[in-house]
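Here the sequence shown is numbered in our numbering, starting from 78 and rising by one per residue.
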Amino acid sequence: MFPFELFVKERVGEKRFKHSVNVAKTARWLAFKYGANEDKAVTAGILHDITKEWTVHEHMSFLHSHNIGISKYEYTSVKLLHAITASCYSKIVLRINDTDILNAIRFHTTARANMSILEKIVYLADGISEERKYSGVNELRYIADYDLNEAVFKEICGVISGELIKKEHLIHPDTINAYNEYVFLNSKDAMQKLAEKNTIGIKNISKSNKFTKVY
Ligand SMILES: [Fe+2]
Ligand SMILES: [Fe+2]
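Take a look at the structure:
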């Protein structure tokens with residue numbers, strides 16, 4: 078049994094509980110594969126949706142009573158709110174003080190730029206957990222088996238194009254920043270490969286790389 082498993086079981090519905098256990102299992106597998114702490118991955122995985130079934134009123138009163146501010150983006154979406162309250166709940170009520178675990182819960186919905194390995198693992202585990210059945214999930218699981226960054230980037234792209242834009246939902250700036258970071262890193266990688274192929278010095282390439290100037 079995972080830590081907090083019974084605690085979660087008593088607080089969410091059956092479907093959500095099954096999902097939480099599956100995310101913990103997938104997070105543990107990814108942590109093992111990519112050298113992250115498996116106990117932290119399991120803890121963040123099992124708790125990541127602990128407040129997902131709260132009403133808007135419950136989210137807001139919890140945040141208000143603990144003096145926790147949110148941005149205008151989170152105000153518009155319960156889906157965004159639950160990641161914040163789940164993280165704060167884990168800290169305040171369950172007394173989890175590990176920043177990496179709390180951030181992995183906090184950013185499991187939006188992702189963000191400069192994610193830690195644990196954050197990437199929980200973000201991805203949420204998207205590819207055993208009970209997920211959307212088109213493309215098997216390909217994503219396949220990629221997750223050999224390239225964590227590639228799988229996280231694909232998941233971010235899928236969420237933006239397949240979910241947020243299609244439904245005309247707001248895209249949180251953290252998600253855009255995560256997406257841009259990967260595009261930037263990929264283009265830098267492509268420039269480096271081109272430089273190696275053409276035996277051009279990397280220094281010269283980076284000077285002419287417009288992405289370098291922008292960022
Ligand atoms: Fe969630
Ligand atoms: Fe989830």
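Glycine included, C-beta positions come from ideal geometry on N, C-alpha and C.
For residue i, which residues from the same chain have a beta carbon less than 6 Å from its beta carbon, with the 5 sequence-adjacent residues on both sides left out?
i, result
"T120", "P80 and I178"
Go ahead and pull the three-state DSSP assignment for residue i.
i, result
"E196", "helix"
"E91", "helix"
"T186", "coil"
"D126", "coil"
"F81", "coil"
"E115", "helix"
"Y211", "coil"
"V100", "helix"
"N226", "helix"
Whole angstroms is fine: what's the gap from residue i's alpha carbon to residue j's?
i, j, result
"L241", "E258", "19 Å"
"A163", "N114", "20 Å"
"H185", "Y150", "16 Å"
"G204", "K129", "15 Å"
"V260", "N226", "11 Å"
"T103", "F109", "10 Å"
"R93", "G112", "27 Å"
"E273", "V89", "53 Å"
"D126", "K270", "41 Å"
"S264", "K243", "26 Å"
"V291", "K95", "The predicted model places V291 with a pLDDT of 33, which falls under 50 and marks its position as unreliable; any figure quoted below should be read in that light. Spanning the two alpha carbons is a distance of roughly 44 Å."
"D222", "L107", "8 Å"
"D266", "L124", "35 Å"
"R105", "L262", "27 Å"
Looking only at its chain, what residues have a beta carbon closer than 7 Å to the beta carbon of residue i, apart from the 5 residues adjacent to it on each side?
i, result
"I237", "I248, T252 and Y256"
"K231", "L217 and I220"
"N99", "S206, E207 and E208"
Alpha helix (DSSP H) containing residue i: first to last residue?
i, result
"I253", "P250 to K274"
"N215", "V214 to A221"
"S138", "V133 to S142"
"F244", "Before going further, note that residue 244 is Lys rather than Phe in the sequence given. Unbroken run through K244: none, as it is neither H nor E."
"V236", "Taken as a continuous stretch (DSSP letters only), V236 belongs to no alpha helix (DSSP H), as it is neither H nor E."
"S167", "V155 to I169"
Compare the C-beta of residue i against all C-beta atoms of chain D and say whether one is closer than 8 Å.
i, result
"I248", "Reference to chain D is not applicable here, since this structure consists of a single protein chain."
Exercise for the section: Indicate whether the contact test is met: 3 or more Cβ pairs, each with one atom in the region 163-176 and one in the region 196-204, closer than 8 Å. Expected result: A contact is defined here as three or more CB-CB pairs under 8 Å, and the region 163-176 fails this definition with respect to the region 196-204.
Handout entry: Segment contact flag, the region 245-263 with the region 143-157, C-beta cutoff 8 Å, min 3 pairs
Key = yes
Exercise for the section: Check whether the region 83-98 touches the region 134-148, counting contact only when three or more Cβ pairs, one atom from each stretch, lie closer than 8 Å. Expected result: no
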